[in-house]
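Structure first, then comments.
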Amino acid sequence: SGFDYSGRLTETMLLGNIATIRASEHKVLEYDGSAMRFTNDEGANAYLDKTYRPGFGIA
859 SGFDYSGRLT ETMLLGNIAT IRASEHKVLE YDGSAMRFTN DEGANAYLDK
909 TYRPGFGIA
């Protein structure tokens with residue numbers, strides 16, 4: 859399906875955004891795709907999660 863392609867493409871682009879934000883750290887980010895987490899940078903992982911206000915969560 860189109861999502862099989864577009865989902866991976868979107869994930870890659872968003873990870874590139876995080877890498878750009880974290881570029882001042884001057885290190886290579888290691889990403890575990892199956893766990894959907896960076897293995898060597900908790901600061902980068904902070905961009906992967908969002909805490910929503912009560913009543914505005916994702917179902």
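If you're matching positions, the sequence shown starts at 859 in the numbering used here and goes up one per residue.
All C-beta atoms, glycine included, are put in the ideal place defined by N, C-alpha and C.
When the Cα atoms are used, what is the spatial distance from Ile-916 to Asp-862?
22 Å
Leaving out the 5 sequence neighbours to the left and right, which residues in its chain are closer than 7 Å to Asn-903 when beta-carbon positions are compared?
Arg-895, Phe-896
Ordered along the chain, which non-local residues of its own chain (more than five positions away) have a Cβ less than 7 Å from that of Leu-873?
Tyr-889
Among Lys-885, Tyr-905, Arg-866, whose alpha-carbon lies nearest the alpha-carbon of Ser-852?
Nothing about residue 852 can be read from this structure; the chain reaches only from 859 to 917.
Might you give, ordered along the chain, the residues of its own chain that have their beta carbon closer than 6 Å to the beta carbon of Ala-877, omitting 5 neighbours on each side?
Leu-887
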